[in-house]
Amino acid sequence: MIPLSYNLRSIVVRRTTSAAAVIGIALVVFVLASTLMLSAGIRDTLSRNGGVDSVVVIRKGSDNELSSIIDQNKVGTILSAPGVARSDGDIPIGTGEIAMIVQLAPTGNPLGLTNVQMRGVDPTVLQKIRPRFRIVEGRMMAPGTDEAIVGRAIEGQFEHLAVGDTIEPKKNLPLKVVGTFEDGGSSLESELWADIDTTRAAFGRQGIVSSVRARLDDPSSFAAFEMTVESDKNLGLEAMTETEWSDKQSQFLSIFVTALGVIISFFFAIGAIIGAMITMYASIANRQQEIGTLRAIGFRRRHVLLSFILESVLLALTGGVLGCLAALGMSFVKFSILNFVTFSQMVFKFHATPSVFGVALVFTVGMGVLGGLLPAMRAARMSPVEAMRN
Amino acid sequence: MMDATAQQKPGAAAAPLVSLRAIKKTYWRGKEPVPVLDGLDLEVPAGSFEALMGPSGSGKSTLLHLIAGLDRPTAGEVVVGGKTISTMGESELARWRAATIGFIFQSFNLIPVLTAQQNVELPLLLTKLSSADRKKRAQTALRIVGLEDRLHHFPRQLSGGQEQRVAIARAIVNDPQILVADEPTGDLDRQSADDVLTLMTRLNQELGKTILMVTHDPAAAERASIRRRLDKGVLV
Amino acid sequence: MSLLRLAATNLRRNLLRSLLTIAGVSVAVVTFLMLRTVIWAWNAAADEAVPDRVVTRHKVTFIMTLPHRYLDDIRQTAGVREATAANWFGGKEPNHPNEFFQALAVDPETWFTVYPEMVIPEEDLADWKTDRQGMITGDVIAGKFGWKKGDTVTLESNIFEGEWQFHVSGFYTPTKRSVDRNTVMFHWAYFNEQSPGKEQVGWIISRTQGDPNEVGRRIDRMFDERDIQTVSQDEATFQRSWLAGFSAIIYAINIVSVVILLIMMMILGNTVAMGVRERIPEYGVLRAIGFLPRHLVALVVGEAVVLGLLGGLLGLGLAYPIVQEGIGRWLEENVQGFFPYFDISPGNAVLAVLLAIGLAVLASALPALQASRLGVVDALRRVG
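Protein chains in written order, with this note's numbering: chain E, 69 to 458; chain D, -10 to 225; chain C, 58 to 441.
This is the structure:
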């Protein structure tokens, strides 16, 4: 009932104190929104690995590909299970892959060895197995050679990972980097890929693969595929769609980042709310005459209460918008984290989604209400007479 | 000074508009009670222009606040326009004030971040009038006080006298029965004070507003039809 | 009455605002200490490392195994006093599949010599050495699974097939906080006969004399020409290499710590500025009486410092129960690998309070300057 312009203009008129409260809230919202964006980025990147028409088969009970061991001669059996898509010549579209961790030096830090996921693949079937795969620079490696390709996300992040370089992840295993690849923004872009036989020989993985990947002819075929593959207890295998698989990998990390961010934001928020309260109390103290006049004219306590809570919310929203804008700027930043499940570095982006900003908005309004509540109650409690006393 | 020249309008043998009976008002300073009014009776006829005078601490402002429904007496009864306001609850009093009383303060008490028109519109926000109607009424009120060319000025852009006139426009915009003025000329220079007082006289004579004014200013008191004096909480 | 006394008394004039400011500063201090302690704790594990221990692993990745004979070779190397080996078992308790613990197949004769901070009663150790299927476990994990001495327990592995049976020979007690209490150790020989890859160890740990890094280099040089190369690092370096993966998070936490300090400064600055604005008339009176501009500066900064100090101390007082006892204990029990110690170090505590005071001075600089520049007459004119 008390016009909103009264509140808006009062905020603007008290520039400095309003600015202090606004900046405080902006900082909190920035931290919260950035964290939520990172968490969304993690889920988003890892979800791009997914696909309900692709399957992964690993050894039963393995949390990750690294500890999964499958006999190479079982690969054919797995790929002949029902549901696997076939190309012309009735050849099943699938392959075994070897997953490894190697230690590479980040660019500019030659002693700081970090784990990077390496994968031994069959270059001849890559494109069929992974439809979103593309070479973006250079060329694909030739099968059976010591050539390698590098995922776009880590290119340049580690020493010797540019096209034309030679990298030696293991002594006496020089690999020539001949190309850079993309895979629709998935986490595979944080990997180094080499020929599967070269990898097998170099790392002593004779006769085994880490996982088997295949395309399904139709998502509904998964059930039959799973049943066949898992039925043989001796084989001890577990089948999942790529989507399920990537969910498993990303859950922990995403929860960890979210939890950390929310806890920090919570503490920050208390500080920002206190800042807003101080501003509001001061503002109200200086406007006692105005408040008294409004009450004398006939505005009731609840009008005053609502008006000042609204003013606090307006302050908060200003800060919230600023914080969100700043967080949007983080979209251009890459964040490299050790994935606990795969023990390798993964590079993630900050992903702005509507729900991130929805949460930030609710949080902002909440801070505004909490910060303004007590001061507004004081304002409402003023009797017109004492308010107008000079 | 005993000067109770009452100017009665012809045929006005009506009941008084304002009636105070056995009014006591005590304030508290810490644990010390400070009695300001102690058993006061007063009647104000409709359409009168009354001045309340007296030294500091005499209780004249307190009396004004009681009549205006800003405060309740510690004991006694306040009846205005047939309603016993001394027993009304907060909310009810607020509604009653909005409908019945127009306020004029010594320091004008305009909201600095609102324009003249917006300030005058304020009391109308408590009614159910549409935005267009509110604007029209505010403009009319400002025309009455002679400031229709200052609709969109902020208080800091107006002179003291102009500010007080905007305040008066705000006070009459809801067409209240009673105007309550607390030292209306206290912050004004002589010329502006005269203008304001002339305006108030017009409101009383042409629009029939009952005016209760607390003042130190002899010139202001001159304009009133009834002068009362308060000393130590007692009408003398 | 000194100026500082006057400054402190002034804070009582708007008690609510002063209290809110102190509360705000204290919240910032608690958050700051929490963040700093996270980083400190992460490093603490590395700091607790025993300086003469060297960890030797496969050069490419620790996931790959070394030949068991390397253990003998290392024992013969100059500078190595004793060496032991461990394999990662990837153990799971079938009845509690989600409960994580470390399961290691170790060399029973030498393990506890190389790790003296795991203390075990003599007879339990002797029992274990003679029982091929014997197992020594940490007390926390034994508690979670309800294991008692003498029990026969079954474990499965994430990596190896089948069910493995062990006899609980006893419990170890750590003498250092950084030692995990969720570890179980059993005989490498028992492991070796059941596992597919034979005669392999995961990594080798040596106690050395002389310069541990020199010994490590010596070891690596020895294996350089063979099929499988090694990397040997002293324990501190080995543990710190884990942190490298989290460098981005640590960087982010550091940035966030700065942000919280900024918030603290906002709150302080705002309050001080408001106070100055309100008291301009009084400053005029003080100057008229004969006080100098620098006295006014002292007054303004003094008030700010009192606020900062009280807020810092309050924050410190709150931090101990919240951060150390609350969050800290939970982390220590559940994520002990990362946070063996979650204590607020004295260094961090002092830092936090000093920062509160320092930021108070910084935040009050501008308002103090304004107060000192006031013209006496201007200030007085604003009286009444």
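Note that CB positions come from ideal geometry on N, CA and C, so glycine has one too.
Proximity test, Cβ basis, 8 angstroms: residue i and chain D
i         : result
Val372(E) : no
Gln356(E) : no
Tyr74(E)  : yes
Val381(E) : no
Arg446(E) : no
Pro287(E) : no
Met69(E)  : yes
Interface flag, residue i vs chain C, CB-CB below 8 angstroms
i         : result
Thr84(E)  : yes
Ser130(E) : yes
Ala340(E) : yes
Gly439(E) : no
Met450(E) : no
Ile110(E) : no
Met398(E) : no
Lys142(E) : no
Counterpart residues of residue i in DSSP-defined beta bridges
i         : result
Val125(E) : Val280(E), Ala307(E)
Gly162(E) : Ala282(E)
Ile200(D) : Phe38(D), Leu168(D)
Trp245(C) : Answer is none; Trp245(C) lacks a bridge partner.
Ser8(D)   : Glu32(D), Val68(D)
Ser404(E) : Val415(E)
Thr240(C) : Gln159(C)
Thr15(D)  : Pro24(D)
Leu172(E) : Thr182(E)
Val218(E) : Thr248(E), Leu260(E)
Any C-beta of chain E under 8 angstroms from that of residue i
i          : result
Phe38(D)   : no
Arg154(D)  : no
Arg86(D)   : yes
Ala355(C)  : no
Gln296(C)  : no
Ala127(D)  : no
Asp206(D)  : no
Ile100(D)  : yes
Ala(-5)(D) : Low per-residue confidence applies at Ala(-5)(D): pLDDT is 47, beneath 50, and the placement is therefore not dependable, though the value from the model is reported in the following sentence. For Ala(-5)(D), the answer is no, since every Cβ of chain E falls outside 8 angstroms of its Cβ.
Arg216(D)  : no
Gly147(C)  : yes
Pro226(D)  : Any answer about residue 226(D) is impossible in this case: the structure gives chain D only from -10 up to 225.
Gln107(D)  : yes
Phe303(C)  : yes
Lys(-2)(D) : Only weak support exists for where Lys(-2)(D) lies, its pLDDT of 49 falling under 50; the coordinates are left without a value.
Met192(C)  : no
Classification of residue i by the beta-carbon crowding that lies within 10 angstroms, buried from 16 upward
i         : result
Asp171(D) : buried
Ser289(C) : buried
Leu349(C) : exposed
Pro422(E) : exposed
Arg449(E) : exposed
Tyr442(C) : Lying before the first or after the last residue shown, residue 442(C) is absent from chain C, which here runs from 58 to 441.
Pro178(E) : exposed
Distance cut-off 7 angstroms: residue i Cβ against heavy atoms of the ligand MG
i         : result
His352(C) : Looking at this structure, you won't find the ligand MG or any other ligand, since it has none at all.
If you scan the region 70 to 114 of chain D from start to end, which runs of the alpha helix (DSSP H) of 4 or more residues do you find wholly inside it?
-> 79 to 89, 105 to 110
Listed in chain order, which residues of the region 79 to 104 of chain E have Cβ atoms closer than 7 angstroms to some Cβ of chain C?
-> Thr84, Thr85, Ala88, Ile91, Gly92, Leu95, Val99
Length at least 4, wholly inside the region 93 to 136 of chain C: the alpha helix (DSSP H) runs in chain order = 126 to 133
Taking Cβ-Cβ distances below 7 angstroms as the criterion, which residues of the region 302 to 335 of chain E are in contact with chain C?
-> Gly304, Ile332, Phe335
Of the residues that make up the region 74 to 85 of chain C, which ones have a beta carbon closer than 7 angstroms to any beta carbon in chain E?
-> Arg74, Leu77, Thr78, Ala80, Gly81, Val84, Ala85
Select from the region 48 to 79 of chain D all residues with a C-beta closer than 8 angstroms to any C-beta belonging to chain E, and list them in chain order.
-> His54, Ala57, Leu59, Asp60, Glu79
Residues, ordered as in the chain, of the region 269 to 281 of chain E that lie near chain C by beta-carbon distance below 9 angstroms = Ala270, Phe271, Gly272
Given a limit of 7 angstroms on CB to CB distance, which residues of the region 156 to 190 of chain C reach chain E?
-> none
Pick out the complete beta strand (DSSP E) segments inside the region 142 to 193 of chain C, 3 residues or longer, and give them in chain order.
-> 159 to 163
Pick out the complete alpha helix (DSSP H) segments inside the region 323 to 409 of chain C, 4 residues or longer, and give them in chain order.
-> 337 to 346, 350 to 376, 386 to 391
Select from the region 172 to 186 of chain D all residues with a C-beta closer than 9 angstroms to any C-beta belonging to chain E, and list them in chain order.
-> none
Cβ-based contacts, 9 angstroms cut-off: residues of the region 343 to 368 of chain E near chain D | Arg355, Gln357, Glu358, Gly360, Thr361, Leu362, Arg363, Ala364, Ile365, Gly366, Phe367, Arg368
Would you mind listing the beta strand (DSSP E) stretches within the region 339 to 411 of chain E that are 3+ residues and don't spill past its ends, in chain order?
-> 402 to 407
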